[in-house]
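Protein chains in written order, with the working numbering: chain A, 9 to 282; chain W, 9 to 282.
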């Protein structure tokens with residue numbers, strides 16, 4: 009049975025991704041931070057890990073890019089999950105009974121408009137959306153609600169008071185699947201890659217690299233310049249590309265490797281959108 | 009007297025930037041969130057506002073880009089501030105007396121290594137670094153420490169227990185100066201611009217735009233693809249460029265305006281690095 013590390017506990021969005029991504033029976037390792045998720049992989053307590061990497065509203069989760077880079081983790085897959093926030097509490101309560109809502113700062117932020125109409129509810133930051141749902145159930149906390157996915161209400165026997173309370177309905181998070189060893193890929197299913205490289209501060213250097221990508225028929229799906237830690241305002245680039253032919257991609261790879269500094273492949277995997 | 013909105017209170021990093029950026033006498037308007045900072049400008053309670061926009065460790069503060077874009081604010085300047093985290097408490101206490109440290113999640117994150125050596129200290133998230141320093145002073149809270157800039161210890165009569173407790177010493181935040189009206193620029197001092205545009209998902213479209221920038225002698229100092237809210241995985245680009253000649257920049261501007269969709273100038277200002 010594969011051991012899969014997730015951030016958060018059962019009932020979290022990471023748990024949903026685990027259910028959707030793996031068809032087999034898996035053993036979930038619940039990690040309470042992205043640091044401990046990484047640790048779980050490095051210490052071989054888990055075979056693979058699921059990590060949120062970007063969100064349509066909040067953008068990239070930069071510290072997670074840093075974790076992948078620093079520990080030389082390999083991205084072996086990705087999954088796009090639509091995010092639904094539901095307000096849930098112990099059964100037989102009304103929204104008027106709720107004095108306090110505890111959740112992750114990001115979830116609270118994404119439901120800001122909803123709570124403007126309920127000014128008497130106190131918003132409290134917590135580390136994990138589903139951990140709050142679990143605590144409400146375990147400690148039978150009345151007057152407290154959690155913001156969590158529907159699955160958390162099912163697991164912890166809570167009642168959904170309001171569904172889809174997020175301000176922007178179109179909210180999606182991209183998760184990556186990680187492992188410590190570079191997988192031996194059958195190139196025929198590979199259609200996406202995540203790359204990292206640094207460039208001299210010479211004018212047009214990025215344009216030149218992007219021209220190579222374009223000439224080799226790679227589609228850019230993401231680009232981000234990131235500060236190189238310990239060297240303020242020198243930038244590294246994180247780039248995601250999709251392609252139809254692995255040969256085209258290989259060609260681009262060998263050219264960019266010569267042109268850029270510290271070129272690194274963070275992962276080659278199947279495009280989660282295709 | 010100019011009214012300047014800052015995020016946070018006196019003794020915060022925003023306050024330091026206000027002192028450094030404005031030579032004149034100014035009136036500070038303390039805002040407890042970036043939303044209320046924006047409000048202060050829009051409701052004309054403040055003439056200008058100072059807003060943190062990116063950090064060497066954490067990367068861009070994406071929701072702040074969204075605020076600037078949504079409310080059509082204009083960037084009229086920038087300031088780069090080295091960040092120093094100091095642990096401070098009521099006088100005559102030792103680090104062993106400290107049971108709890110309250111600070112902004114970002115400050116706690118940046119001092120993670122320091123607190124690994126003090127596992128008995130409880131870390132509590134709070135909205136503002138200096139507000140904690142103020143509360144400690146006002147309520148004479150013993151056993152509680154704040155992480156804040158040196159200036160906060162001076163203002164609130166606290167004692168610095170440990171200085172420079174950040175893990176990565178080279179930590180810098182970039183702040184932008186904002187106003188609601190487009191300033192009438194004397195182009196001779198303008199050497200940097202922040203641009204936003206959208207591109208068709210045609211292969212090579214970004215490379216083409218960057219080629220124009222390079223041909224017009226613009227230096228790219230930052231690029232970021234950002235999801236367009238309500239349209240998942242269609243990207244807008246936020247780009248910062250520096251240049252020696254405003255004419256070169258003007259030429260690039262008029263070409264990109266034709267090539268890209270929804271081209272917008274977020275600001276034209278003096279390069280904070282020059």
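Idealized CB from N, CA, C, for every residue including glycine.
Using a Cβ-Cβ cutoff of less than 8 Å, which residues in the same chain neighbour residue i once the five nearest sequence positions on both sides are dropped?
i                     : result
residue 263 (chain A) : 220, 224
residue 252 (chain A) : 199, 225
residue 149 (chain A) : 98, 143
residue 70 (chain A)  : 234
residue 116 (chain A) : 109, 123, 131, 133, 155
Helix, strand or coil: which one does DSSP assign to residue i?
i                     : result
residue 248 (chain A) : strand
residue 207 (chain A) : coil
residue 198 (chain A) : coil
residue 222 (chain W) : helix
residue 31 (chain W)  : coil
residue 65 (chain W)  : coil
residue 229 (chain A) : strand
residue 75 (chain W)  : helix
residue 167 (chain A) : strand
residue 81 (chain W)  : coil
residue 276 (chain A) : strand
residue 285 (chain W) : Absent from the model: residue 285 (chain W). The displayed extent of chain W is 9 to 282, so no value can be given.
residue 265 (chain A) : helix
residue 176 (chain W) : coil
residue 11 (chain A)  : strand
residue 24 (chain W)  : helix
residue 293 (chain A) : Nothing can be reported for residue 293 (chain A): it is not among the residues displayed for chain A, which extend from 9 to 282.
residue 181 (chain W) : strand
residue 36 (chain W)  : strand
residue 159 (chain W) : helix
residue 45 (chain W)  : helix
residue 149 (chain A) : coil
Are the Cβ atoms of residue i and residue j separated by less than 8 Å?
i                     : j                     : result
residue 268 (chain W) : residue 169 (chain W) : no
residue 27 (chain W)  : residue 12 (chain W)  : no
residue 96 (chain W)  : residue 161 (chain W) : yes
residue 172 (chain A) : residue 91 (chain A)  : no
residue 105 (chain W) : residue 151 (chain W) : yes
residue 103 (chain A) : residue 126 (chain A) : yes
residue 89 (chain W)  : residue 25 (chain W)  : yes
residue 214 (chain W) : residue 246 (chain W) : no
residue 175 (chain A) : residue 122 (chain A) : yes
residue 163 (chain W) : residue 19 (chain W)  : yes
residue 51 (chain A)  : residue 37 (chain A)  : no
residue 4 (chain A)   : residue 222 (chain W) : Residue numbering for chain A in the displayed model covers 9 to 282; residue 4 (chain A) lies beyond these limits and cannot be assessed.
residue 118 (chain W) : residue 94 (chain W)  : no
residue 218 (chain W) : residue 218 (chain A) : yes
residue 232 (chain A) : residue 232 (chain W) : yes
residue 64 (chain W)  : residue 227 (chain W) : no
residue 87 (chain W)  : residue 29 (chain W)  : yes
residue 261 (chain A) : residue 205 (chain A) : no
residue 254 (chain W) : residue 195 (chain W) : yes
Please return the same chain residues whose Cβ sits closer than 6 Å to the Cβ of residue i, not counting the five positions on each side in sequence.
i                     : result
residue 248 (chain W) : 202, 229, 230
residue 283 (chain W) : Nothing can be reported for residue 283 (chain W), as the shown portion of chain W is limited to 9 through 282.
residue 167 (chain W) : 99
residue 22 (chain W)  : 14, 15, 16, 58
residue 257 (chain W) : 251
residue 294 (chain W) : Any property of residue 294 (chain W) remains undetermined from this structure, which presents chain W solely from 9 to 282.
Beta-carbon within less than 7 Å of residue i's beta-carbon, same chain only, minus the 5 sequence neighbours each way: which residues are those?
i                     : result
residue 190 (chain A) : 82
residue 66 (chain A)  : 114
residue 59 (chain A)  : 15, 42, 45, 72, 183, 184, 186
residue 111 (chain A) : 134, 137, 140, 154, 155
residue 279 (chain W) : 199, 200, 250
residue 32 (chain A)  : 10
residue 197 (chain A) : 278
Can a CB atom of chain D be found closer than 8 Å to the CB of residue i?
i                     : result
residue 214 (chain W) : Of the chains in the structure shown, none is chain D; the protein chains are A and W.
ask   = Can you list the beta strand (DSSP E) stretches of 3 or more residues lying completely in the segment 89-147 of chain A, in chain order?
value = 94-97, 108-111, 130-133
inquiry  = Can you pull out the residues from the segment 99-127 of chain A whose beta carbon lies closer than 9 Å to at least one beta carbon of chain W?
reply    = 113, 117, 120
inquiry  = Please identify, using Cβ separations under 9 Å, the residues of the segment 217-234 of chain W that lie next to chain A, in order along the chain.
reply    = 217, 218, 219, 220, 221, 222, 223, 225, 226, 227, 228, 229, 230, 231, 232, 233, 234
request  = Taking only beta carbons into account, state which residues of the segment 124-149 of chain A come closer than 8 Å to chain W, listed in chain order.
outcome  = 133
query = Quick one, which residues of the segment 9-20 of chain A are near chain W if we go by CB-CB under 9 Å, in chain order?
reply = none
key: Positions along the segment 47-70 of chain W whose CB lies within less than 9 Å of some CB in chain A   = 62, 63, 64, 65, 66, 67, 68, 70
ask   = In the segment 179-212 of chain W, which residues sit with their C-beta less than 7 Å from some C-beta in chain A, listed in chain order?
value = 180, 211, 212
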